[in-house]
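Below you'll find the structure, written out as structure tokens, and then a few comments.
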Amino acid sequence: MAPSPIIQATLQSSLLAALSNILAQAITAYRNNEAVTIDWVPVFQYVLFAVVSTPPNFLWQDFLESTFPAHPNPNPKPSDSKKSPSSPSQPPPLSLTNTILKFLLDQTIGAALNTLLFSTFTHSLRQAMVHAPRITNLPSAAKYWSSAGAVDFNRVDFGRVWDASKAEFWGLMFAAAKLWPAVSLVNFTLVKSVQGRNLVGALAGVAWGVYISLAMGN
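Residue numbers for the sequence shown follow numbering that gives the first Met the number 0, so the first one is 0 and each next one is one higher.
What follows is the structure, given as structure tokens:
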């Protein structure tokens, strides 16, 4: 039995999130003229964020498409009933109104919620793993992640997390505006399925993840 579309999308996004952080660490090592060694702790953090954020984003895109379909079926005209059932029918044209509405909602409400989710989750997880060592061996990292106390949300000061998230909100929003509106426009005009749009977004997210990882010091 094939996994559900949401599970498939989450797996894709998780793998690409890991790739983006690995690339960011490789770029940092190259810039510093150092040997490339991957710290698997931030890789895990980015994968975990993908696991948490992909399902609600998938449902959000599904909601937008079901509410404002790209190719809505037109109301049948009286003359249509006279046509032969075997007559080939033209696919409905792209709805410019629905496309604009989806784009605006995605780049305002969707972008704001995603930015806050990223900031609050990232700062919370970093505080919860404040004592995490640098681990360059993947099996050792897996053992560490599964150990008791590796992630302890009792350490998190949610007031500080919220203050940090508010402080960086507009900076992240303006940075995101250089990439995500173009991705959204491509998705809503050229990509028909929600699954396909999620994949395009995840691929664009590799570049975004590299940028964010470098900006936040991995």
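Built from N, CA and C at the ideal position, the CB exists for glycine as well.
For clarity, every value in this text was computed on a predicted model and none was experimentally measured.
Sequence-distant Cβ neighbours of residue 4 in its own chain, meaning closer than 6 Å and more than five residues away, are 194. When secondary structure is reduced to three states using DSSP, residue 37 falls in the coil class, being assigned neither helix nor strand. Leaving aside the five residues that flank residue 10 on each side, the residues in its chain whose CB is nearer than 8 Å to its CB run, in chain order, 2. In the three-state reduction of the DSSP assignment, residue 70 falls in the coil class, being assigned neither a helical nor a strand state. Judged by their CB atoms, residue 23 and residue 178 are not nearer to each other than the 8 Å cut-off. Look at the beta carbons and you see the stretch 159-173 not touching the stretch 132-151: under three pairs across the two are nearer than 8 Å. Judged by their CB atoms, residue 126 and residue 156 are nearer to each other than the 8 Å cut-off. In this structure, the beta-carbon distance from residue 209 to residue 19 falls below 8 Å. In this structure, the straight-line span from the alpha carbon of residue 28 to that of residue 133 is close to 15 Å. A distance of 8 Å or more separates the beta carbons of residue 186 and residue 205. In the DSSP assignment, residue 177 falls outside any alpha helix (DSSP H), carrying neither H nor E. The stretch 88-100 makes no contact with the stretch 34-42; the number of CB pairs closer than 8 Å stays below 3. The Cβ atoms of residue 48 and residue 96 lie no closer than 8 Å to each other. Note on geometry: alpha-carbon atoms of residue 46 and residue 73 lie some 42 Å from one another. When secondary structure is reduced to three states using DSSP, residue 91 falls in the coil class, being assigned neither helix nor strand. Here the C-alpha atom of residue 215 lies approximately 28 Å from the C-alpha atom of residue 7. Contact check for residue 44 against residue 124 passes: the beta carbons are separated by less than 8 Å. Nearest neighbour of residue 13 by Cα position, chosen from 108, 66, 31 and 41, turns out to be 41.
For residue 108, there is no enclosing alpha helix (DSSP H), since its DSSP letter is neither H nor E.
Here residue 203 has 178 and 182 as same chain residues with Cβ atoms under 7 Å from its own Cβ, once five neighbours each way along the sequence are excluded. DSSP, read as helix, strand or coil, puts residue 191 in coil.
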